[in-house]
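Protein chains: 2
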Amino acid sequence: MGAAPMAWVLWSRYLTMCPTDPGWPDRDRFVLSAGHGSMLLYGLLHLAGYSVSLDDIRSFRQWESRTPGHPEPFATPGVEATTGPLGQGAGNSVGMAIAERALRARFPGLVDHRVFALVSDGDLMEGVCCEAASLAGQLGLGRLVWLYDQNDVTLDGPASLSFSVEDVAARHRALGWHVQTVADGNHDLDGIDAAIAGAVAETERPSLIVVKTTIGYGAPTKAGKAAAHGAPLGAEEAAAAKAALGLDPETFFAVPAGVRERCAERAGEGEAARSAWYGRLERARTEAPEQAAELERRLGNGLPEGWDEGLPAFGPGDRLATRDASGKAMNALAARIPEFFGGDADLSCSTKTALVGFGSQSQATRAAATSTTESASTRWRPRQTESPTTAGSAPSLPRSSVLPTTCAPRCGSRRFPGLPVVYVWTHDSVGVGEDGPTHQPVEHLMSLRVMPNLHVVRPADANETVEAWRHALRRTEGPTALVLTRQKVPVLTTPNGPPVSSAAVTCSGNRIPPGRRW
Amino acid sequence: MGAAPMAWVLWSRYLTMCPTDPGWPDRDRFVLSAGHGSMLLYGLLHLAGYSVSLDDIRSFRQWESRTPGHPEPFATPGVEATTGPLGQGAGNSVGMAIAERALRARFPGLVDHRVFALVSDGDLMEGVCCEAASLAGQLGLGRLVWLYDQNDVTLDGPASLSFSVEDVAARHRALGWHVQTVADGNHDLDGIDAAIAGAVAETERPSLIVVKTTIGYGAPTKAGKAAAHGAPLGAEEAAAAKAALGLDPETFFAVPAGVRERCAERAGEGEAARSAWYGRLERARTEAPEQAAELERRLGNGLPEGWDEGLPAFGPGDRLATRDASGKAMNALAARIPEFFGGDADLSCSTKTALVGFGSQSQATRAAATSTTESASTRWRPRQTESPTTAGSAPSLPRSSVLPTTCAPRCGSRRFPGLPVVYVWTHDSVGVGEDGPTHQPVEHLMSLRVMPNLHVVRPADANETVEAWRHALRRTEGPTALVLTRQKVPVLTTPNGPPVSSAAVTCSGNRIPPGRRW
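As you go down the protein sequences, you meet chains B and Z in turn. Residue 511 in full-length UniProt numbering sits at position 511 of the first sequence; the count goes up by one each step and never skips. Residue 42 in full-length UniProt numbering sits at position 42 of the second sequence; the count goes up by one each step and never skips.
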């Protein structure tokens, strides 16, 4: 209720989307990082004209409904990211903005959108959110806008209990962000509008808009209190809130006619934007056929012809670490798959994930990002345009590639939308005794193997490492983890051996829905 | 080599320690958060007179040596925290400072020390470090001082590749810290001294000292370069560096006489400080016997008499969630164990970890912290004075208590020093379907069970939950995780049933050294 005004201004005036074609590639992205406020998102989707009915909304938090307690792309058309674990949506939005910029440089006129996220106090307390914000500032992601719902209330009480000293606006300025504040986010729709306009006009830095709001705005006794955070208002308070907001307390699940009208207009504008985009794609097929074909290949989830022909082969006399074999395979793949790119933790010389000669993502080298970028300990190939935009794992990376559990929660989130992210984890286990026990993650392999839908491959030698990469690149329905040695191991197999079998990659069942339905 | 000047000023002029009694309770703490620079710490320990010989230093990174690649309290006298995974040591230092303040308020005259940490660029890039710094600012931890070795170099190259936009000093000011900068950390020992004096004089806010240094200072061709980060200099460069620093290139493992002299003086000062403290304790035995006895009980690792007599009992007719039973057990324990306290994620009303009537840690309520503090989803009982000071997991907490993997790496670090931290993880598994799949951590239980030395207890009902708490509180040699339901479950057992068996708590062997040796 407190975030509704800012959400309404954004959705009714700025967000370009096409509810009848939720997956239209060049739509703006909206991420509700504060996923516990999912009802706000479901309400917006319903009003905007997505396939979320009032009956779906009546089924809130019910088994197999389109409206689970926290948003899921596979469950609900128009939901862009799995959110709920705080900070994850904000991190995802940074990944989406990185992808947008890289694709915009590669496909000018065909990729040109913005990424908006609604973030909460709880998001901004999260370390992962600070890492993501630091990276966004570092890269100067001018298409990224965070609306910060500053209601100063947590589930346990006023945020002053735990979060009153920190100056979030000043922190983001220190991270290189453009920062604005709206003092009365409950009523000042013009102020919200002006701030979003200012954020959109800022093209060199990511934008944070601090919007001061009242949680449960309109509820006569619970507004501004923790009681409005995690529990229903109750019938009496809900009726009183409706009355206070000028609505009929006796009418349920109803939308004022004026709202319906404005939403229908907005849907029409979205349809027009989508049609114009398909018109540009059609023209590109004639005027820039290579570019159009390349974009369509990526949208169609395909790999380039001959993508795996440069992969290395190793003879029985060879002896090398599987991290080294992986590095050779990655460089061969990068030369043939332009969308092969990823994030790193300043450790590529140790993890052997540097892509030599391909350049790094930075403020100055945007075009480089279109081919292959960033030395990486985690790395993904966009299987479809949505993949890079939702992969977003770069800012969620562990700084240390030797401790996979640091990013296991992100890995866990990845499996829900079924994104084909590839994780490269090196310095496996007891082979790194000199580094001391903190660097011997003996239990992590088994921890990863019990994660549903994550394929875990621990190749025995260099040729199996190449096959593991082939498996990871072919996979479309979920993430793959490669677990690699630091120390040299002998080559035991011949090249181009049997493919990785599904029995070899996981010991748990795959009962997660296979990616988004829409 | 770049951090040596600041470390020398700190150790030779400020750090109060007693090398012949490394565990003396009221020593200052020094945490090398940048644990990959372990040789600096081993050198300091040797010079200061700890039981780290030149032979130990010659055994650097060798099997079972006292000088593993990353520092470990169980391996080396004087090492306060397991570090290496970046950000963890910084987080630990915040926990130590919280404990110092709480204990100082409870035991005036007997607890009165400072916590220093040396942090690197890589530490400060970590989200966990930002969370810890935010909490330190929130609580106004005036005894905490971070020396930031800003050498602008990562393993992969200049930090400008990834970390050039962010203004770390401004960020920490935004978090409520006192910030100073030393422009020439290679030579300006007086400037370092003045900054540390300023930090010590600041009692209301934690202090960050940004010390600009040159990595590999003194090495003629590798100084200031990534080549000096993760690999030995090599014989030729090492000889040239010695020559450049005015040392004899042909002399190995030698310490100048003047250094030895100053270190011996410093050790004498530490002995005197330790003796004075034991004198105060002896006086307290006469003048404040209750207080002295209480401190000695805690130092001796004991529980108060009758600590578990107030624990609740449930009859077969009862039906309640194990999170609720846990909450009742925790409040009963808190009433009898004053050192029972912990950290929380603003979710205590959901995890049922609120300790009703005991107050929260804050800038204004320091004394409250001495009894029992903070509603908590993770919670520890200090089994010895070192435990709260090294537990330090408060700032490392996940913000969401329902996703244990978010804090699994911290949990992993806890097992090395063998700290008896208790983790409370609620909303177990498939019982929370309405919240959506992100909130159904079906694989986490097994992931936790494979972690060596972590006891994982998943009680079936309320009485087993009480026994689980009894087990966790009795345990001294490592952490315990309690996995609890959100939904109501029937009581199946009678109260005071058999204790938790070790076979029930883990499926992996315990082959981790049992806590620190010194």
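Even for Gly, the Cβ is constructed at its ideal location relative to N, Cα and C.
Around the beta-carbon of Val505 (chain B), 16 or more other beta-carbon atoms lie within 10 Å, marking it buried. Counting only unbroken stretches of 3 or more residues, the beta strand (DSSP E) elements lying wholly within the region 168-210 of chain B are 178-182, in sequence order. For Val259 (chain B) and Ser348 (chain Z), the gap between their C-alpha atoms comes out near 39 Å. In this structure, Phe163 (chain Z) and Gln138 (chain B) form a Cβ contact; the two beta carbons are roughly 7 Å apart against a cut-off of 8 Å. At a C-beta separation below 8 Å, Met451 (chain B) has these neighbours in chain Z: Glu443 and Ser447.
Taking all protein chains shown into account, Phe116 (chain B) has 16 or more neighbouring C-beta atoms within 10 Å of its C-beta and is therefore buried. For Gly327 (chain B), there are no C-beta contacts with chain Z under 9 Å, since the nearest C-beta of that chain is about 14 Å from it.
Trp425 (chain B) is bridged by DSSP to B:Val483.
Judged by DSSP in its simplified three-state form, Ser326 (chain B) adopts helix. If you look at Tyr278 (chain Z), you'll find it in the alpha helix (DSSP H) that goes Ala257 to Glu287.
Distance from the Cα of Gly302 (chain Z) is smallest, within the candidate group Z:Ala201, Z:Arg475 and Z:Gly224, for Z:Arg475. It is roughly 14 Å from the alpha-carbon of Asp346 (chain B) to the alpha-carbon of Val424 (chain B).
Taking one beta carbon from each stretch, the region 277-290 of chain Z and the region 110-130 of chain Z have 3 or more pairs nearer than 8 Å; the two touch. Judged by their CB atoms, Val31 (chain B) and Thr83 (chain B) are nearer to each other than the 8 Å cut-off. Around the beta carbon of Val483 (chain B), 16 or more other beta carbons sit within 10 angstroms, so the residue counts as buried.
In summary, Pro71 (chain B) is buried, with 16 or more beta-carbon neighbours lying within 10 Å of its beta-carbon over all protein chains present. Taking 7 Å as the upper bound on Cβ-Cβ separation, chain Z lies near residues Met125, Glu126, Gly127, Val128, Cys130, Glu131 and Ser134 of the region 123-136 of chain B.
One Cα belongs to Leu161 (chain Z), the other to Gly216 (chain B), and the distance between them is close to 44 Å. Looking only at B:Phe107, B:Gly436, B:Ser120 and B:Ser51, the smallest Cα-Cα distance to Ser38 (chain Z) is reached by B:Gly436.
If you check the CB distance, Gly91 (chain Z) and Ala132 (chain Z) come in under 8 Å. Residue pairing of Trp146 (chain Z) in beta bridges, as defined by DSSP: Z:Ala117 and Z:Leu208.
Following the DSSP letters along the chain, one finds Val442 (chain B) in no beta strand (DSSP E), marked with neither H nor E. Counting other Cβ atoms within 10 Å of its Cβ, Val255 (chain Z) stays below 16 and is therefore classed as exposed. Using beta-carbon distances, Pro77 (chain Z) does not count as an interface residue toward chain B, since no partner is under 8 Å. Two segments are said to touch when three or more pairs of C-beta atoms, one from each, lie closer than 8 Å; by this definition the region 142-159 of chain B does not touch the region 142-154 of chain Z.
Here Phe253 (chain B) is exposed. Its C-beta has fewer than 16 other C-beta atoms within 10 Å.
By the Cβ rule, the region 462-474 of chain Z counts as touching the region 320-332 of chain Z, because three or more pairs are nearer than 8 Å. Arg13 (chain Z) and Arg266 (chain Z) have their C-alpha atoms some 8 Å from each other. Judged by DSSP secondary structure, Val9 (chain Z) falls within the alpha helix (DSSP H) whose first and last residues are Ala4 to Arg13.
Residues of chain Z with a Cβ closer than 8 Å to the Cβ of Pro68 (chain B) are, in chain order, Glu434, Asp435, Gly436 and Pro437.
In the DSSP secondary-structure assignment, Phe30 (chain B) is bridged to B:Phe116. If you draw a straight line from the Cα of His178 (chain B) to the Cα of Ala195 (chain B), it comes to about 11 Å. CA-to-CA, the gap between Glu434 (chain Z) and Arg66 (chain B) works out to about 11 Å. In this chain, the alpha helix (DSSP H) harbouring His471 (chain Z) covers Ala462 to Arg474.
Excluding residues up to 5 positions away in sequence, Pro249 lie with their Cβ nearer than 6 Å to the Cβ of Ala243 (chain B) in the same chain.
In this structure, Val500 (chain B) keeps its C-beta atom at 8 Å or more from the C-beta atom of Glu477 (chain B).
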